[in-house]
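The numbers in this note's numbering rise by one with no breaks, and the one at position 51 of the sequence shown is 52. All residues carry an ideal CB built from backbone N, CA and C; glycine is no exception. This structure is a prediction, so every number in the text was calculated from the model and none was measured. These notes are about the structure you will find just below.
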Amino acid sequence: MLKRVVMMAAALLAAGTAGAQEAGGPQLLQAGNDITNIDSLQRGARNFMNLCSGCHSLQYLRYNRMAADLKISEADLKANLMFTSDKVFDTINSAMPADAESWFGKQPPDLSLIARSKGTDYVYSFLHGFYADKTRPWGVNNLYLPNASMPHVLLDRQGMQKPVYKSESEGGGATMELVGVEPMAPGALKPEEYDQFVRDIVNFLDYAGEPIKAKRESMGVFVTLFLLVFFVFAYLLKKEYWKDVH
2 MLKRVVMMAA
12 ALLAAGTAGA
22 QEAGGPQLLQ
32 AGNDITNIDS
42 LQRGARNFMN
52 LCSGCHSLQY
62 LRYNRMAADL
72 KISEADLKAN
82 LMFTSDKVFD
92 TINSAMPADA
102 ESWFGKQPPD
112 LSLIARSKGT
122 DYVYSFLHGF
132 YADKTRPWGV
142 NNLYLPNASM
152 PHVLLDRQGM
162 QKPVYKSESE
172 GGGATMELVG
182 VEPMAPGALK
192 PEEYDQFVRD
202 IVNFLDYAGE
212 PIKAKRESMG
222 VFVTLFLLVF
232 FVFAYLLKKE
242 YWKDVH
């Protein structure tokens with residue numbers, strides 16, 4: 002019975018994901034991040050603080066909490082990861098001034114919950130989806146968020162991509178539909194190195210959205226095992242009490 006329920010839930014989830022993909026544009030890439038990988042989380046923290054925190058904050062995460070969870074010494078934290086405060090108990094704010102809206106058209110959003118609200122696959126795909134577009138203010142657009150106001154901050158690492166279109170017939174006429182991107186100019190990192198670089202950032206954002214997530218999932222396994230063992234003893238006790246009745 003339990004197996005059947007799990008299979009049904011998985012099927013419904015897959016169907017919902019497929020429907021969202023059809024309605025929401027191109028197929029998302031698989032992030033494949035691992036919230037328990039401390040090395041990846043440390044690299045992701047470094048990547049985010051050096052490349053993203055200039056514009057984006059993590060207002061629900063404190064520096065000292067991040068250091069404790071990711072096994073980063075206070076000396077390394079202050080020397081390499083704290084750019085907007087000298088107090089380790091502060092939350093992670095961006096260095097962006099209040100008038101940033103006039104630069105980008107909107108204030109760069111806080112990313113504390115981006116991985117929880119959009120999903121890790123979306124964030125991973127977004128950071129892979131920039132392509133050249135001369136009509137945009139920063140010269141780039143994004144496959145997964147059309148007309149994004151964000152510049153491609155990882156351009157030197159990924160390199161530039163170009164859009165791929167296919168012809169679609171509709172209502173007796175032909176239109177060009179954007180279906181993907183492909184490399185145009187190489188970056189400093191090889192494709193597999195860039196994949197890992199982005200995966201580390203996504204992993205860190207996944208952690209930032211719920212710092213206790215890894216512990217919660219680990220604890221959930223033990224709680225489930227405890228309940229299963231308890232059920233066995235409860236069932237045996239019930240049989241012992243009711244054996245004379247039956």
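| Query | Result |
| --- | --- |
| Option in R200, D40, G188 and L52 with minimal Cα separation from A68 | D40 |
| Assigned secondary structure, K214 (DSSP; H/G/I helix, E/B strand, else coil) | helix |
| Start-to-end residues for the alpha helix (DSSP H) that takes in N48 | I39 to L52 |
| Cβ-based neighbour list, G33, same chain, cut-off 7 Å, excluding 5 preceding and 5 following | R200 |
| The alpha helix (DSSP H) enclosing Y125, as first and last residue numbers | T121 to F127 |
| Per DSSP, the bridge partner or partners of K163 | E183 |
| Boundaries of the alpha helix (DSSP H) in which L78 is found, first to last residue | E75 to N81 |
| Span of the beta strand (DSSP E) around Y145 | Neither: Y145 is in no beta strand (DSSP E) and is coded neither H nor E. |
| Delimiting residues of the alpha helix (DSSP H) encompassing F105 | E102 to F105 |
| 8 Å Cβ cutoff, E183 in contact with chain C | In the structure shown, chain C does not exist; there is a single protein chain. |
| Sufficient close CB pairs (3 or more, under 8 Å) joining the segment 89 to 103 to the segment 53 to 61 | yes |
| Unbroken beta strand (DSSP E) run spanning A1, endpoints | In the structure displayed, the chain extends from 2 to 247; residue 1 sits before or after that span and is not available. |
| As assigned by DSSP and simplified to three states, the class of L62 | strand |
| Three-state class that DSSP yields for F205 in the structure shown | helix |
| Short Cβ contact (8 Å threshold) for L156 with G188 | yes |
| DSSP three-state assignment for S170, whether helix, strand or coil | strand |
| E178 - partner residues in DSSP beta bridges | K167 |
| Whole-angstrom C-beta distance between I202 and N48, which should lie under 8 Å | 5 Å |
| Integer Cβ distance of G181 from V165, believed to fall under 8 Å | 4 Å |
| Three-way DSSP call (helix, strand, coil) for T85 in this model | coil |
| Separation of E183 from V89, as counted between CA atoms | 42 Å |
| Euclidean distance between Cα positions of A209 and A186 | 33 Å |
| Endpoints, the beta strand (DSSP E) within which F131 is located | F131 to A133 |
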